[in-house]
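Protein chains: 2
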Amino acid sequence: MGWLADETGLDKCEANYVPLTPLSHLKRAALVYPDFEAVVYGNIRHSYREYADRITRFASALINLGVKSGDVVSAILPNIPAHAEAHFAVPAAGAVLNSINIRLDVSTVAYIFAHSEAKFVLVDTAFLELAENAIQTMDGKGPTIIEVADPQAGFPKSGKYQEYEDLITKGEADFDWIMPRDEWESISLNYTSGTTGRPKGVVYHHRGAYLQTMGMVITWQLTLHPRYLTIVPLFHCNGWCHTWMIPVLGGTIICCRDITPGAIYDAVSDEKVSHFGGAPIILNMLVNATDEERKPFEHKVNILTAGAPPAPATLTKITECGFNVMQVYGLTESYGHVTECYWNDRKWGDLHSDDQTAIKARQGVASSMMDSAVVMDENMVQVPLDGETQGEIMMRGNAIMKGYLKNPDATREAFKGGYFHSGDIAVQHPDTYLQIADRAKDIIISGGENISSVEVEGCLMGHPAVNLCAVVAKPDDKWGEVPCAFVELKPDATATEAEIIAYARKRLAGFKTPKQVVFGDLPKTATGKIQKFELRQIFKE
Amino acid sequence: MGWLADETGLDKCEANYVPLTPLSHLKRAALVYPDFEAVVYGNIRHSYREYADRITRFASALINLGVKSGDVVSAILPNIPAHAEAHFAVPAAGAVLNSINIRLDVSTVAYIFAHSEAKFVLVDTAFLELAENAIQTMDGKGPTIIEVADPQAGFPKSGKYQEYEDLITKGEADFDWIMPRDEWESISLNYTSGTTGRPKGVVYHHRGAYLQTMGMVITWQLTLHPRYLTIVPLFHCNGWCHTWMIPVLGGTIICCRDITPGAIYDAVSDEKVSHFGGAPIILNMLVNATDEERKPFEHKVNILTAGAPPAPATLTKITECGFNVMQVYGLTESYGHVTECYWNDRKWGDLHSDDQTAIKARQGVASSMMDSAVVMDENMVQVPLDGETQGEIMMRGNAIMKGYLKNPDATREAFKGGYFHSGDIAVQHPDTYLQIADRAKDIIISGGENISSVEVEGCLMGHPAVNLCAVVAKPDDKWGEVPCAFVELKPDATATEAEIIAYARKRLAGFKTPKQVVFGDLPKTATGKIQKFELRQIFKE
């Protein structure tokens, strides 16, 4: 401990201690990069001068509406400029941003409104009905609606509520942002997807959001002026905190309201998008795009993918399409991604491409802003680094949530033993790289043997007719559980159950081979994760 | 202030709060980049595995020698691997590193030993006499010497003291580093150059050193695996904190013991150096190198320059030599550089090259880890952004020192009004860029008019025969002070006093023109700063 014998007068003061917050990134960008594009959306193009001005005015408008420090302001918005602006304006008003998944049902939204005690909610015109129904359903008054119209997407303002642009016009341009006095103050509140029971409210602090952005610059090897496309929804870990990071680099956020292969290729080609994040389903979308949807581009495009391990076949194909993909891993509880599959070209540059994609499917190592991400057994002892012994991924670092809102029991449980318990089952390779075997609840136990659904899915994704697939446990009298595959075929492709099973049988141990194959569309969350719990329901009915 | 209405259970804990420290960068590098080169020096090449192992062993050796948490361990070392290692090993032993300028006189070193209460001192064999004399001169026992031999530079161990490599051999490989429990703990102690009175001991904390490294990655647009050359002495603001930063990027430190133009060109060409920092005198050295000293290189080499505003003529020539230079600014009190002259190519890309170099001579804007760097008048009010009104540079942010050791009065004075008072006189341009007019004490006041010595020097540096120059105030009965120029000519160049004065007269106002020119070598500090106070002495004798 580095305390000198005499530390008289060496205390913190205003000159040498400033609470960390991503708000500082935008303050600086407005000074250093005032004429650079901050945000682009269709015919909207705002410079940093304009972006900061709009945010200042909206923050002051929130105060004028009665928002108090620590109040929750919710948002039901797609990835449009108002959503990016809310990431700065809401905390600049001293409030806490709660971005809600736009695909949730009325009852869950009502639950979030009530649990978060939201005072206001920013609602895109297309989602007014959802918000109205939720407010009607819930006990209590519920949040006041501020409508965000999007005329260029076909959603002019309804006239029923105060509107976002009107509030900005009325706001004060010389409003002083409310900066945190303590970097542990809360900046946002994100509800988990809640596959079992009610969603939990994950609270982020200013310090964590700041450090997450600084670490991301290193992870992604970002230099100044990147052009970032919003594919990751801003209601998902605040879009992995990328919106908070972009201003420190003087970069541009290109908003994408509807995520289609055509829209992504258009943005890459026309707006020279250099970076975006997305679940593997986005990679799939890009590799399976039709010729009409594709557009040529010459520059390097970097994708971070997370949410589920991408299938090796997808990784091979996306590289051929001209994208550079790195897998990252994290959870709502960790501000988005906190591990990265750093590509060690010296070690792996000469490997066969199959071996390379196998490595790229790993979750990698803790990023620079984290302390550690390791696999431990139930006694909190790190498992052998043998690539085989399974345990749970445990994490520690400054990009871990404060805890769950109004749920100290769940928080205590999550932080038991001084690490955040991810709930993900993984192995750790000799080079310390993590590789997820499965979510704890997705492991299939057949005749006493553990089967990783991820492994079986990775195999099936290699079949030329398979677009997407999910493998879940099916109850079985003899084996306890057996793997059952749900398969979404590519357009115009055909395959039979027997063909799929035979394909897997050649490549997998017998007990890992699916015993049943069901064809059809797979249920997905807003972020493109396949909802396995819905597939499991089939066996319970 | 973002405190939610109910924050029960949302406190800091081991899982979500880890004190910031640059030690974490090396811990991570040893895991992620074990086989990459960490440090290179002549025939020494250590991988990160070896570098971390040596540091662990030396930290444990320090503990075994009796070093306690908070003890000061000094170093009198050139830029050799042991000095880089000490930046991690000393804090990993819970101690505080005090790197001492190797060019100081015995009495100043004795003062630093006594004032810092150093327990040990790492001494390069070539500087043993300096250390021994200082210990003999001082009151009290003084620090115990640990000798660092450098056989390949012609300095084998003397046999008089315990030696660094022997201690490493004896150290324990499984020693657990002592990580800070509070990020405000002290990590290093750097004495100012002390142009007036005794040097002051500037104390750095772990948090500031960490944040400085993260901000530097953005300033310098660094991506992974840079190859950094140690030109900036490690005893100068801990080498601008670059040694602490390099591991987070898996980069390589190339050590340079003796700074000569040939050594720099060799390292750039042979070791593919990509980055280094240096005072303008280094730029001068490179542009004036002989053909024999030069070596060709094809890659991009980035230089940060600081310590004094580089002359426009030097900036033009260094670019022609294939170097990309950015000016930065800072002080010992600010962990090295904290402002940067960000090059806005959109705005300035089409300007005439003279106008471009004039802009490159500015000190620029606060870097991303800082809160602000502004010019204020004596009432702590920001001066108009007109590029003309002078005031003092005031700074606030996380890369500002804790304060001066055992000098609470000086600390209070330095932080008066909630900003660090730099002592540098500057103007601020309409785009917020700072430009130093002078050190407060270097301003020449002639007949009531302020003359910026920097402006006069910039003019003289354009003269083809001038290698270096310094302009100081000469007492004058009529005008109070008049400018006097001290000029170092280029090898084989000639010029007379009258020629130099005539050259200046054409380009400057009459009262700014030097009234006297003195030819000869200029006295310089270890970091290449010209020691104007010595020049002023001439007029006092």
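Chains as they are written, first to last, in this note's numbering: chain A, 1 to 541; chain B, 1001 to 1541.
C-beta: ideal position from N, C-alpha, C; glycine also.
Keep in mind the model is a prediction, meaning the values are calculated, not measured.
In the structure shown, residue 291 of chain A falls within a coil segment according to DSSP collapsed to helix, strand and coil. The three-state reading of DSSP puts residue 69 of chain A in coil, since its state is none of H, G, I, E or B. Interface criterion not met: the Cβ of residue 271 of chain A is under 9 Å from no Cβ in chain B. Below 8 Å, enough C-beta pairs join the segment 1200-1207 of chain B and the segment 1178-1187 of chain B to call them touching: three or more. According to the DSSP secondary-structure assignment, residue 1421 of chain B is paired through a beta bridge with B:1394. Residue 1214 of chain B belongs to the set of residues whose beta carbon lies under 9 Å from a beta carbon in chain A. At least 9 Å separates the beta-carbon of residue 1423 of chain B from that of residue 1410 of chain B.
At a cut-off of 9 Å between beta-carbon atoms, residue 1371 of chain B makes contact with chain A. Judged by DSSP in its simplified three-state form, residue 1031 of chain B adopts helix.
Contact between residue 1257 of chain B and residue 1079 of chain B holds, with the beta-carbon distance rounding to 6 Å and staying under 8 Å. Look at residue 210 of chain A here: in three-state DSSP terms it is helix.
Closer than 9 Å at the C-beta level to chain B, one finds these residues of the segment 217-248 of chain A: 217, 218, 221, 222, 223, 224 and 248. Per DSSP, the beta-bridge partners of residue 482 of chain A are A:474. Distance from the Cα of residue 1242 of chain B is smallest, within the candidate group B:1417, B:1085 and B:1348, for B:1085.
Against chain B, the beta carbon of residue 252 of chain A has no neighbour under 9 Å; the closest one sits roughly 13 Å away. When the five nearest sequence neighbours on each side are left out, the beta carbons in the same chain lying within less than 7 Å of the beta carbon of residue 393 of chain A are those of 373, 375, 422, 424, 426 and 434, in order along the chain. Proximity of chain A to residue 1013 of chain B at the Cβ level (cut-off 8 Å) is accounted for by 415 and 418, in chain order.
Residues of the segment 1041-1072 of chain B that bring their beta carbon within less than 9 Å of a beta carbon in chain A comprise 1069, 1070, 1071 and 1072, in sequence order.
The segment 1349-1418 of chain B is shown to contain whole beta strand (DSSP E) runs of 3 or more residues at 1370-1376 and 1391-1397, in chain order. One finds nothing in chain A with a Cβ atom closer than 8 Å to the Cβ of residue 1262 of chain B; even the nearest lies about 31 Å away.
In this structure, the CA atom of residue 1016 of chain B is about 19 Å from the CA atom of residue 1178 of chain B. Cβ atoms of residue 75 of chain A and residue 122 of chain A come within 8 Å of each other, at about 4 Å.
Around residue 1206 of chain B, the beta-carbon contacts reaching into chain A at under 9 Å are 2. In terms of beta-carbon proximity, residue 1503 of chain B stays away from the interface with chain A, with every pair separated by 9 Å or more.
Between residue 234 of chain A and residue 87 of chain A, the CB-CB gap stays under 9 Å. By the neighbour-count definition (other C-beta atoms within 10 Å, threshold 16), residue 1054 of chain B is a buried residue. What residue 1412 of chain B touches in chain A, judged by beta-carbon distance under 8 Å, is 9, going in chain order.
The segment 36-43 of chain A and the segment 243-254 of chain A touch, with three or more beta-carbon pairs separated by less than 8 Å.
If you draw a straight line from the Cα of residue 1297 of chain B to the Cα of residue 1277 of chain B, it comes to about 18 Å. Apart from the 5 residues on each side of it in sequence, residue 446 of chain A sits with its Cβ closer than 6 Å to the Cβ of 479, 481, 482 and 511 in its chain, given in chain order. Within chain A, the residues placing a beta-carbon under 8 Å from that of residue 1398 of chain B are 16, 17, 18 and 20, ordered along the chain. Contact between residue 1484 of chain B and residue 1466 of chain B fails: their C-beta atoms lie close to 15 Å from each other, not under 8 Å.
In the same chain as residue 1245 of chain B, and ignoring 5 residues on each side of it, the C-beta atoms closer than 6 Å to its own belong to 1213 and 1216, in chain order. Exposed is the label assigned to residue 352 of chain A, since fewer than 16 other Cβ atoms lie within 10 Å of its Cβ. With contacts defined as CB atoms closer than 9 Å, residue 175 of chain A and residue 264 of chain A fail to qualify as a contacting pair. The C-beta of residue 1505 of chain B has fewer than 16 other C-beta atoms within 10 Å across all chains shown, which makes the residue exposed.
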